[in-house]
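Notes follow once the structure below has been shown.
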Amino acid sequence: MEFSFTPNATDWVRIAPELVVAAAALVVLLADLVVPARRHAWLAVIGLLGVIGAGVAVGLLLANGETGEAFFHMVSSDQVALLADCVILFACGLALLFSPDYLARQGVTQHGEYYALLLLATAGMMLMASATNLMTIFVALEVFSLALYILCAYLAQRFRSQEAGMKYFLLSSFASAFLLYGMALVYGSTGQTALAGIRGFLTTHPFRLTSGFGPMLIAALALLAVGFCFKVSAIPFQAWTPDVYVGAPTTVTAFMSVGTKVAAFVAMGRVFLFALPAARAEWQPILWAVAVLTLIGGNLLAVTQTDVKRLLAYSSVAHAGYILVGVVVGTALGYAAVLVYLASYAVMNIGAFGVVLVLERRDGQGTGLEDYAGLGRRRPALAAALAVCLFALAGVPPSAGFIAKWDIFYAAIVGGHTELAIIGLAASVLGMFYYLRVIWAMYFAESPAALAGGVIVASTTRRATGGPARPAGAPAVAATSAGGTAASATAVALAAPASPAAATGSAAAAAKSPAKSPAVANVPAPVAWAAGVALAIATILTIALGIVPGPLFTFAARAAGTLLR
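Its first residue numbered 473, the sequence shown is counted upward by one per residue in the numbering used here.
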């Protein structure tokens, strides 16, 4: 049997957004050869221009009605794919804005590879959201997974980053194997890898649970569910999530917490809702149980956390449960609610992680709940941005999170799954506790310095070279590594309050001679302008999507209706 296919111009046009992002990644690598080290931020600008160009391509596809399949039914530029592209590009754009200052603060020198990998991961996620063939789904999954493996371990001087990369690589490889085996069994059952072909086969061939291709397809459904649930961090496949999110560079964590969910949930909807509706009675109970476990377990695990970054990781698990409710409902309204939730979750979650990465110190510390005590007085703008995003994640109106949960619960009730709406509502009440605890710490708790009656004095550690840390009472002297580079000034010590006489004498001495210590007392570093812009965008959209939700829901409903008609 011979097969030949020649792509035409329309095929290339319909994957233009992915091509623009991939081309931007190559341009970044080439530019890294000539851009001087002190101008590494230019690489982020090149990547951002590529993201904007891809966004323009998405807009042109929508305006010109180029929303059909391409490359012999391997990918599609339908409205679901284009909406997912917008969300993924938004996540990548904000990650690029956050990255220059964060990488400089973490002492990263290899900027070109970082930005190229971030863009390649974005292209892979967009391709997975556009895929209409099982093989394309898997190839796209591997494209962005391979990039994320490296990005998670990108902070070579930090042990937890190396651990995160290794854990994600090993566990994700197992999950990919489950997913691929499930795809192979689907092909063995139906003789098709195209999603439309699988749907057509099951429509014309009655499905029997205990005879024919039925048993093989049941095994395929179970394996597919395992693979997808791992990628979206659903319980009981979430064990990798907290360690990977905490250990990875926070810019990468913010990006992957959104991008992987968007790509995986869109692909899951295509596979289960579009290709396998005839087997709904078999896969729906599996996803129902996973959704309930994720809703309850994710929120319970988050309650006990005292590290804000780890708390947001378990929060990400819980939100996967809310989105799974829409998949379980299985209607066009339920899938529209899924798309709305993914877009809303992107803006509020990246905003929350954005504040975390701005406050994070070079050694990865500064993310504990005690570090946020008194933040409302020390950094009022950052505290306000984080409060808005946390209120939205909790589902407090008027915010994007409230509208997203409203749509999910309404779709569940209309779709005959009132029990899921009740469980989700109870889980939301539980979730408010740990979000409000962070807000309470920012505005109503005292910082350690204020409680001690002194000021925070920066000290130094020698984590990079393995040298001992300076004792808390020793003078603050800049430590250097063997190569002469300064180690990270990250640990803190509290200066005891001095008596009035001693304070007067100290002031007089300070007036006579300049300070010899490089440490600066209690002076917060300013937020880089790019990071400030990213935080402002995320915060404003979090509020705007809650106040004016109509356009997003209308587009999502039209996209879901077109896919599942």
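Glycine included, each C-beta is placed from N, C-alpha and C at the ideal position.
State the Cα-Cα distance for the pair residue i and residue j, rounded to the nearest angstrom.
i: residue 782; j: residue 640; result: 16 Å
i: residue 553; j: residue 807; result: 13 Å
i: residue 594; j: residue 607; result: 19 Å
i: residue 1015; j: residue 829; result: 21 Å
i: residue 618; j: residue 651; result: 16 Å
i: residue 548; j: residue 1011; result: 32 Å
i: residue 815; j: residue 644; result: 24 Å
i: residue 791; j: residue 767; result: 7 Å
i: residue 874; j: residue 775; result: 20 Å
i: residue 843; j: residue 857; result: 16 Å
i: residue 795; j: residue 671; result: 23 Å
i: residue 616; j: residue 496; result: 15 Å
i: residue 764; j: residue 896; result: 8 Å
i: residue 613; j: residue 649; result: 12 Å
i: residue 601; j: residue 809; result: 17 Å
i: residue 1034; j: residue 489; result: 21 Å
i: residue 654; j: residue 551; result: 27 Å
i: residue 632; j: residue 587; result: 21 Å
i: residue 669; j: residue 656; result: 15 Å
i: residue 710; j: residue 478; result: 42 Å
i: residue 867; j: residue 894; result: 15 Å
i: residue 626; j: residue 805; result: 40 Å
i: residue 584; j: residue 545; result: 35 Å
i: residue 785; j: residue 609; result: 25 Å
i: residue 499; j: residue 698; result: 37 Å
i: residue 647; j: residue 534; result: 34 Å
i: residue 713; j: residue 730; result: 13 Å
i: residue 694; j: residue 772; result: 26 Å
i: residue 611; j: residue 827; result: 34 Å
Consult DSSP for residue i and reduce its assignment to one of helix, strand or coil.
i: residue 540; result: coil
i: residue 633; result: helix
i: residue 979; result: Unreliable placement is indicated for residue 979, whose pLDDT of 40 sits below 50; the coordinate value is still reported in the next sentence. Looking at residue 979 - three-state DSSP - the assignment turns out to be helix.
i: residue 779; result: strand
i: residue 661; result: helix
i: residue 1050; result: Residue 1050 cannot be examined here, being either before or after the span of the chain that is shown, 473 to 1037.
i: residue 605; result: strand
i: residue 512; result: coil
i: residue 1020; result: coil
i: residue 478; result: coil
i: residue 548; result: strand
i: residue 898; result: helix
i: residue 666; result: strand
i: residue 836; result: coil
i: residue 803; result: coil
i: residue 626; result: coil
i: residue 560; result: helix
i: residue 808; result: helix
i: residue 1012; result: helix
i: residue 756; result: helix
i: residue 870; result: coil
Classify residue i: buried if its beta carbon has 16 or more other beta carbons within 10 angstroms, exposed otherwise.
i: residue 980; result: Residue placement at residue 980 is poorly supported in this model, since its pLDDT is 43, which falls under 50; the coordinates are not used for a value here.
i: residue 528; result: exposed
i: residue 854; result: buried
i: residue 532; result: exposed
i: residue 658; result: buried
i: residue 476; result: exposed
i: residue 1027; result: buried
i: residue 708; result: exposed
i: residue 723; result: buried
i: residue 1019; result: exposed
i: residue 510; result: exposed
i: residue 1039; result: Nothing can be reported for residue 1039: it is not among the residues displayed for the chain, which extend from 473 to 1037.
i: residue 482; result: exposed
i: residue 630; result: buried
i: residue 480; result: exposed
i: residue 811; result: buried
i: residue 581; result: exposed
i: residue 849; result: exposed
i: residue 675; result: exposed
i: residue 891; result: exposed
Next on the checklist: Does the contact criterion of 3 or more C-beta pairs under 8 Å hold for the segment 732 to 746 versus the segment 771 to 780?
Outcome noted: As far as the Cβ criterion goes, the segment 732 to 746 does not touch the segment 771 to 780, which means the pair count is below three.
Checklist entry - Does the segment 782 to 802 come close enough to the segment 878 to 898 that 3 or more CB-CB pairs lie under 8 Å? => result For the pair of segments examined, the segment 878 to 898 was found to touch the segment 782 to 802: the number of CB pairs separated by less than 8 Å reaches three.
Next on the checklist: Below 8 Å, how does it come out for the segment 1002 to 1015 and the segment 819 to 829: are there three or more Cβ pairs, yes or no?
Outcome noted: Short answer: they touch.
Checklist entry - Curious, which full-length alpha helix (DSSP H) runs of at least 4 residues does the segment 715 to 749 contain? => result DSSP runs (the alpha helix (DSSP H)) wholly in the segment 715 to 749: 722 to 740.
Checklist entry - Given 8 Å as the limit, is there contact between the segment 711 to 721 and the segment 662 to 679, that is, 3 or more CB pairs closer than that? => result Inter-segment contact for the segment 711 to 721 and the segment 662 to 679 is absent: fewer than three beta-carbon pairs are separated by less than 8 Å.
Item to check | Contact the segment 732 to 740 vs the segment 703 to 712: 3+ CB pairs below 8 Å | outcome: Yes: at least three Cβ pairs fall under 8 Å.
Next on the checklist: With a threshold of 8 Å, are at least 3 pairs of Cβ atoms found where one atom belongs to the segment 684 to 696 and the other to the segment 744 to 758?
Outcome noted: They touch, by the three-pair rule.
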